[in-house]
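> Residue numbering for the sequence shown follows the working numbering, beginning at 139 and increasing consecutively. We treat Cβ as the ideally placed atom computed from N, Cα and C, and that holds for glycine. These numbers were taken from a predicted model, which means no experiment stands behind them.
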Amino acid sequence: MTGRPLFVRARADADVRAAVDYYHKQAGPDVASRFVDRLQRTYRSISEAPDTGSPRWSHELSVPGLRAMRMRGFPWLVFYLAFDHRVEVLRLLDARSDIPAWMGGSRDA
139 MTGRPLFVRA
149 RADADVRAAV
159 DYYHKQAGPD
169 VASRFVDRLQ
179 RTYRSISEAP
189 DTGSPRWSHE
199 LSVPGLRAMR
209 MRGFPWLVFY
219 LAFDHRVEVL
229 RLLDARSDIP
239 AWMGGSRDA
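1) Between which two residues does the alpha helix (DSSP H) harbouring residue 248 extend?
2) Using the Cα positions of residue 187 and residue 228, report the straight-line distance between them to the nearest angstrom.
3) Taking just the CA atoms, how far does residue 219 sit from residue 178?
4) Decide if residue 148 is buried, meaning its Cβ has at least 16 other Cβ atoms within 10 Å, or exposed.
5) Residues bridged to residue 214 by DSSP?
6) Any idea what DSSP makes of residue 209, helix, strand or coil?
7) According to DSSP, is residue 246 part of a helix, a strand, or is it coil?
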């Protein structure tokens, strides 16, 4: 199945690099590799069916259209906006963190 083009904004890319670095240092290269694989699968799922992400944070943060999809096997959420012909990933955040604080200013990223 072909999905919408997916663009990862700079802040999300920095989030990914930090998460991979964390897993590599704390749990080893195998876990870091599994994290990257799971993230790629999550991106593919978002691209193919962007409406399946949860709109919960859209309401809580007052960001119209914001959706989040949890990564299976890891406590991370991918935050994104879906448009007619593309998807933009805004942030990758630990689901256990203070999401409103971390999402501050994400629309300008």
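Taking the definition as stated:
1) Beyond the ends of the chain as shown, which are 139 and 247, falls residue 248; an answer cannot be given.
2) Along the sequence shown, read from residue 1 onward, the residue named residue 187 stands at position 49. Along the sequence shown, read from residue 1 onward, the residue named residue 228 stands at position 90. Between residue 187 and residue 228, the C-alpha separation is close to 17 Å.
3) Here the question's residue 178 lines up with position 40 in the sequence shown. Here the question's residue 219 lines up with position 81 in the sequence shown. Rounded to the nearest angstrom, the two C-alpha atoms are 17 Å apart.
4) Counted from its first residue, the sequence shown places residue 148 at position 10. Under this definition residue 148 is an exposed residue.
5) Walking along the sequence shown from the start, residue 214 turns up at place 76. Paired residues: 232.
6) Counted from its first residue, the sequence shown places residue 209 at position 71. Residue state, collapsed to three classes: coil.
7) Here residue 246 corresponds to residue number 108 of the sequence shown, with the count starting at 1. Note that residue 246 scores 41 on pLDDT, short of 50, meaning its location in the model is unreliable; the coordinates nonetheless yield the value given after this. In the three-state reduction of the DSSP assignment, residue 246 falls in the helix class.
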